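**Student:** Have a look at this one before I ask anything.
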Amino acid sequence: MQSVFKLHLAMLVLHQVDQGKLDLNQTVIVNRAKVLQNTWAPIMKAYQGDEFSVPVQQLLQYSVSHSDNVACDLLFELVGGPAALHDYIQSMGIKETAVVANEAQMHADDQVQYQNWTSMKGAAEILKKFEQKTQLSETSQALLWKWMVETTTGPERLKGLLPAGTVVAHKTGTSGIKAGKTAATNDLGIILLPDGRPLLVAVFVKDSAESSR
């Protein structure tokens, strides 16, 4: 899945916000020396100092809209790690999806990324749960929709193949390139058709030698 799982993670965090277990305004202390190094993390450039505080809401925005790996793992720490996310996914009745590793674990061993997986059925099911607005409060639903529409990664994937101005709420997932192959080039999203109907699309390409656009 690579970073597609940040959609699932955001849903769990917002679910816990709706339950009162977390607060969007609560802050997380970030120690620059202790977080994952040498990774995609625009949030680390947005803040100065060796240690700083970031609200949960901003961690979510960076994780979803910018696919920030440091923000992602900080959110994992808040909810109880990959096992907690896996349990949440299963609790929704989505059986063909598994999450066992966070970003740090995938960076430590590139083979671990294959242990986070989903079938196309599982991918469609999480989108359907989100689109049908059955899992989150109205406020949380609106926030996640906004962040997905504002996704900055993969501009030439689902969104780049559609007419300008088309509303696309999506989450990409991209691996590194090893031995000329890209392990994952993914995009999962909801396209709003001209008549307002949603079109759910899941595109997952594994171990490709093609461009990872």
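For the sequence shown, position 154 (counting from the first letter as 1) is numbered 143 according to the numbering used here, and the numbering increases by one without interruption.
Glycine residues also receive a C-beta, built at the ideal position from the N, C-alpha and C atoms.
Since the model is a prediction, treat every value here as computed from it, not as a measurement.
On a Cα-Cα basis, can you pick out the residue from S56, T28, V45 that is closest to T16?
**Tutor:** When only C-alpha atoms are compared, the closest one is V45.
**Student:** Output needed for L11: all residues of its chain with C-beta closer than 7 Å, excluding positions within five of it in sequence on either side, in chain order.
**Tutor:** The residues are V2, Q5, V45, L67.
**Student:** Which of the three DSSP states, helix, strand or coil, is assigned to W106?
**Tutor:** Looking at W106 - three-state DSSP - the assignment turns out to be strand.
**Student:** Measuring straight from C-alpha to C-alpha, what distance separates L48 and D184?
**Tutor:** The straight-line gap from Cα to Cα measures roughly 34 Å.
**Student:** Here's the rule: buried if 16 or more other CB atoms are within 10 angstroms of the residue's CB, otherwise exposed. What is Q26?
**Tutor:** Q26 comes out exposed.
**Student:** Check whether the stretch 107 to 126 and the stretch 141 to 149 touch, using three or more Cβ-Cβ pairs below 8 Å as the test.
**Tutor:** Too few Cβ pairs lie closer than 8 Å, so no.
**Student:** Report the rounded CA-to-CA distance for M33 versus F41, giving the unit in angstroms.
**Tutor:** Rounded to the nearest angstrom, the two C-alpha atoms are 10 Å apart.
**Student:** Report back the beta-carbon spacing between N105 and A93 to the nearest angstrom; my notes put them in contact at under 8 Å.
**Tutor:** The Cβ separation is near 13 Å, so there is no contact.
**Student:** Counting along the chain, where does the alpha helix (DSSP H) carrying I83 start and finish?
**Tutor:** Taken as a continuous stretch (DSSP letters only), I83 belongs to no alpha helix (DSSP H), as it is neither H nor E.
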